[in-house]
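See below for the structure under consideration.
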Amino acid sequence: MRRPSWGCLSVISALCMFPLMSGCRNGGGNASSRLDYSGASSPATLTSSNAATLIGNAYSGGNSGIIVGGVAAGIKYDDYGAPRRPRSLNLSKALIKFVHLTAVDHALAMPETAATASNLPRPTIHGTCGGTATVDGSYDDDSHTISLSADLSDYCRDGMKLNGTIGALGRAVADGQDDINISKVTLTLADLSVAYQGDSFTADGTISIMPQPGYVYVDKNILLTSNMLFKDDATTKIYKLENFRISRSSAAGTVSYDDITINGRFYDPDEGYIDLSTPATMRVVNNDAWPSSGSLRARGANCSATITAQSDTTYQLDVDSDGNGSVDSRVSGLWANI
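Residue numbers for the sequence shown follow the numbering used here, beginning at 1 and rising by one.
This is the structure we're talking about:
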């Protein structure tokens, strides 16, 4: 049975699914204004003076070092983790929850008689800490197909406030116990303003989310592929993620943590781009902003640099400035100073 459909998405189509690209949606906000990256587009030169900051910004998805109190000791972060963790990862957690709430939970909660209506009012979802989201879309509880778009106005949940337009196209899966979970989803963001734990930025682009091999739905073990632009609201600098892949595995127990690997290209508007890889999986303990173990390597213009976590507060940086495979300089520093 097809559950309720709203607005122009009553007939599912790729064009209407992504209203921010096609402009076909009924109602909703203006999504025609999009970010544009016009910064440096050549490979970056990595040195002992700039590599730690550049890799740190790549890890975070932009210069969130301006966060007030974002790395202070004793702060307890909520559902989405510390702000200096990857922005695309923090944001995806919030949006997965939003898609499940609006497409799956809301549709299943609708009375059967409503499913026969051909033109229902656009549902309005209220945030747990303020604001609203107005939704177009449909959910098919036979095929578990999800198709929605939403306008968010100061929509706040778990401390994260969102303003802008999102689209989501994906599927859900039943777990055999009458629970339905998202099995994969592609999110399209149009000038989405995000405010969270002192970090304020604008996001534009796509994030594709799927479970890791061996898992059937998106939960604690996920793969993200981001093609995104992030604009820091304070500095107005725009950073670019290109085929930026994050693998995240989470553990819960006495000490909960995320194991993270990152691969992809990051563009800094001043320095140029670096290609990232993860020689050793990074472990980020719950409530920590930075990894306590693992490493992240960047390759630039005939040079490379590897930052290795010595603890959740300190790192070691090895720079190969001439690309011959040997370390030319080694320095240590505080994550908080990046």
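Cβ atoms here follow ideal geometry from the backbone N, Cα and C, with glycine treated the same way.
Residues that DSSP places opposite Lys237 in a beta bridge: Lys237 is not bridged to any residue.
Assign Val285 to one of three DSSP states: helix, strand, or coil. Here DSSP, grouped into helix, strand and coil, assigns Val285 to strand.
Would you identify the three-state DSSP class for Arg352, choosing helix, strand or coil? Here the chain has residues from 1 to 338 only, and residue 352 is not among them.
Check whether the region 223-236 touches the region 53-64, counting contact only when three or more Cβ pairs, one atom from each stretch, lie closer than 8 Å. Cβ pair count under 8 Å is three or more, so yes.
Indicate whether the contact test is met: 3 or more Cβ pairs, each with one atom in the region 94-102 and one in the region 157-176, closer than 8 Å. The count of Cβ pairs closer than 8 Å, one atom from the region 94-102 and one from the region 157-176, reaches three, so the stretches are in contact.
Alpha carbons only, please: which of His126, Arg171, Leu192 and Val99 is nearest the one belonging to Arg87? That would be Leu192, whose Cα lies nearest to the Cα of Arg87.
Check whether the Cβ atoms of Leu296 and Ser48 sit closer than 8 Å, and answer yes or no. No, the Cβ-Cβ distance between Leu296 and Ser48 is not below 8 Å.
Does DSSP put Lys144 in a helix, in a strand, or in coil? Looking at the sequence itself, residue 144 is His, so the reference to Lys does not match. Per DSSP, reduced to three states, the secondary structure at His144 is coil, with no helix or strand assignment.
Closest to Asp140 by C-alpha separation, out of Lys161, Leu162, Ile180 and Thr132, would be which residue? The shortest Cα separation from Asp140 among Lys161, Leu162, Ile180 and Thr132 belongs to Ile180.
Is the CB-CB distance between Tyr155 and Gly127 below 8 Å? Cβ distance < 8 Å, so Tyr155 and Gly127 count as in contact.
Cutting at 7 Å between CB atoms, please list the residues of its own chain near Ser34, excluding the five before and the five after it. The amino acid at residue 34 is misidentified as Ser; the sequence shows Arg. Hits under 7 Å: Ala190, Asp191 and Asp204.
The beta strand (DSSP E) enclosing Ala174, as first and last residue numbers: Element bounds for Ala174: Met160 to Ala174.
Evaluate the contact criterion for the region 323-338 versus the region 303-313: three or more CB pairs, one atom per stretch, below 8 Å. Taking one beta carbon from each stretch, the region 323-338 and the region 303-313 have 3 or more pairs nearer than 8 Å; the two touch.
Which two residues bound the contiguous alpha helix (DSSP H) that contains Thr128? For Thr128, no alpha helix (DSSP H) run applies, since DSSP gives it neither H nor E.
Can you name the start and end residues of the beta strand (DSSP E) that Asn337 belongs to? Counting along the chain, Asn337 sits inside no beta strand (DSSP E), nor does DSSP assign it H or E at all.
Please classify Asp318: does DSSP put it in a helix, a strand, or coil? In the structure shown, Asp318 adopts extended strand secondary structure according to DSSP, grouped into three states.
Could you tell me the distance, in whole angstroms, from the CA atom of Ser149 to the CA atom of Val135? Each residue's alpha carbon lies about 6 Å from the other.
If you check the beta carbons only, do Glu242 and Tyr267 fall under 8 Å apart? Contact flag set, yes.
Can you grab the Cα-Cα spacing for the pair Ile246 / Pro123, in whole Å? Here the alpha carbon of Ile246 sits roughly 33 Å from the alpha carbon of Pro123.
CA-CA distance, Ser162 and Asp199? The residue asked about is misnamed: residue 162 is Leu in this sequence, not Ser. As the crow flies, the alpha-carbon of Leu162 is around 12 Å from that of Asp199.
For the putative contact between Ala44 and Glu271, defined by C-beta atoms under 8 Å, what is the C-beta separation to the nearest angstrom? Cβ-Cβ separation between Ala44 and Glu271: approximately 4 Å, consistent with a contact (criterion under 8 Å).
CB of Thr306 within 8 Å of CB of Pro279, strictly: Closer than 8 Å, so yes.
His144 versus Ala133: straight-line alpha-carbon distance, rounded: Looking at the two C-alpha atoms, the distance is approximately 22 Å.
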